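S.K.:
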Amino acid sequence: MSPGVGRVDETMRRRECDAASHGNRFRCLNSLKDCGEVLMEKSDLPVEKTLLVVDDEESLRSFFRDILTDEGYRVLTAEGAIDALEIMSHEQEGLLLLDLNLFGMNGIELCRKIRRENPLCILYAMTGWTGLFEVEECREAGFDDFFAKPLPVDFLFRVVEDAFEKLSRWRKGYARGA
Numbered sequence: 007m008s009p010g011v012g013r014v015d016e017t018m019r020r021r022e023c024d025a026a027s028h029g030n031r032f033r034c035l036n037s038l039k040d041c042g043e044v045l046m047e048k049s050d051l052p053v054e055k056t057l058l059v060v061d062d063e064e065s066l067r068s069f070f071r072d073i074l075t076d077e078g079y080r081v082l083t084a085e086g087a088i089d090a091l092e093i094m095s096h097e098q099e100g101l102l103l104l105d106l107n108l109f110g111m112n113g114i115e116l117c118r119k120i121r122r123e124n125p126l127c128i129l130y131a132m133t134g135w136t137g138l139f140e141v142e143e144c145r146e147a148g149f150d151d152f153f154a155k156p157l158p159v160d161f162l163f164r165v166v167e168d169a170f171e172k173l174s175r176w177r178k179g180y181a182r183g184a
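For reference, each letter of the sequence shown is one residue, going 7 to 184 in the working numbering.
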């Protein structure tokens, strides 16, 4: 399916309603009722503020989910790399917060894998073990930034909002160039 073309199903209808309630709108260019597809102008598609938090500690996943949901974000969580990759196969998150010390596949390896598949996402490394991984290794793997846990809540809010503003700018630039 080409960019800007989406299946019309309950998910899309729900997004249309949600987007309309937040002052955003979808502008249909052409409706293909027989095949159930709608062409939408890319610049009118809202950047949904969904992020994926990958951490092996349930208490931290819950903390991130609770405080960021309260701020209006949609927060998906994964315990490890395999779960994160499964979510990424169904969702196109623009922002990911990855713990580095994961079992099965560490955050560095996970970042490399995600970056190959989704080069325009924003990936932030988080760790409570700052001596375990070097910032340089994180940058080489494709992380956009590196944070030591625990993150102050006001700092986390600022980082997340800045990331979504950046994604929105990128999306608008992509729509103009397409």
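Backbone N, C-alpha and C fix where the C-beta goes; we use that ideal spot for every residue, glycine too. Since the model is a prediction, treat every value here as computed from it, not as a measurement.
#1: Mapping DSSP to helix, strand and coil, what is residue 116?
#2: Leaving out five residues before and five after residue 88 in sequence, what residues of the same chain have Cβ atoms less than 7 Å from its Cβ?
#3: CA-CA distance, residue 85 and residue 61?
#4: Excluding the 5 residues preceding and the 5 following residue 28 in the sequence, name in chain order all residues of the same chain whose CB lies nearer than 6 Å to its CB.
#5: Given that a residue counts as buried once 16 or more other Cβ atoms are within 10 Å of its Cβ, and exposed if not, what is residue 145?
#6: For residue 90, I'd like the list of residues in its chain whose CB is within less than 8 Å of its CB, leaving aside the five on either flank, ordered along the chain.
#7: For the putative contact between residue 74 and residue 99, defined by C-beta atoms under 8 Å, what is the C-beta separation to the nearest angstrom?
#8: I'd like the span of the alpha helix (DSSP H) that includes residue 62, first residue to last.
#9: Exposed or buried, residue 187, counting other C-beta atoms within 10 Å across all chains shown (16 or more means buried)?
#10: Alpha helix (DSSP H) containing residue 91: first to last residue?
#11: Taking the alpha-carbon positions, what's the residue 118 to residue 136 distance?
#12: On the three-state DSSP scale, how would you describe residue 45?
M.R.: By the coordinates alone:
#1: The residue given as residue 116 occupies position 110 in the sequence shown. Helix at residue 116.
#2: Counting from 1 along the sequence shown, the entry for residue 88 is found at position 82. These residues qualify, in order along the chain: 110.
#3: The count along the sequence shown starts at 1 and reaches residue 85 at position 79. The count along the sequence shown starts at 1 and reaches residue 61 at position 55. Distance between the alpha carbons of residue 85 and residue 61 is about 5 Å.
#4: The residue labelled residue 28 in the question sits at position 22 within the sequence shown. For residue 28, the pLDDT reaches just 34, beneath the cut-off of 50, and the residue's location in the model is therefore unreliable, leaving the point undetermined.
#5: The sequence position of residue 145 within the sequence shown is 139, counting from 1. Burial call: exposed.
#6: Walking along the sequence shown from the start, residue 90 turns up at place 84. Counting only Cβ-Cβ distances below 8 Å, and skipping sequence neighbours, we find 58, 60, 84, 102, 104, 116, 120.
#7: Taking the sequence shown and counting its residues from 1, one reaches residue 74 at position 68. Taking the sequence shown and counting its residues from 1, one reaches residue 99 at position 93. Between residue 99 and residue 74 the Cβ distance is about 13 Å, and since that is not below 8 Å, they are no contact.
#8: In the sequence shown, counting from the first residue as 1, residue 62 sits at position 56. Here residue 62 belongs to no alpha helix (DSSP H), and DSSP marks it neither H nor E.
#9: The question about residue 187 has no answer here: the residues shown for the chain are numbered 7 through 184.
#10: On the sequence shown, residue 91 is found 85 positions in, with the first residue counted as 1. First-last of the alpha helix (DSSP H) with residue 91: 87-96.
#11: Working through the sequence shown from its first residue, we reach residue 118 at position 112. Working through the sequence shown from its first residue, we reach residue 136 at position 130. Each residue's Cα considered, the two are about 19 Å apart.
#12: Residue 45 sits at position 39 when you count from the first residue of the sequence shown. Here residue 45 scores only 29 on pLDDT, less than 50, and its place in the model should not be relied on; the value that follows carries that caveat. In the structure shown, residue 45 sits in a strand (DSSP, three-state: E or B).
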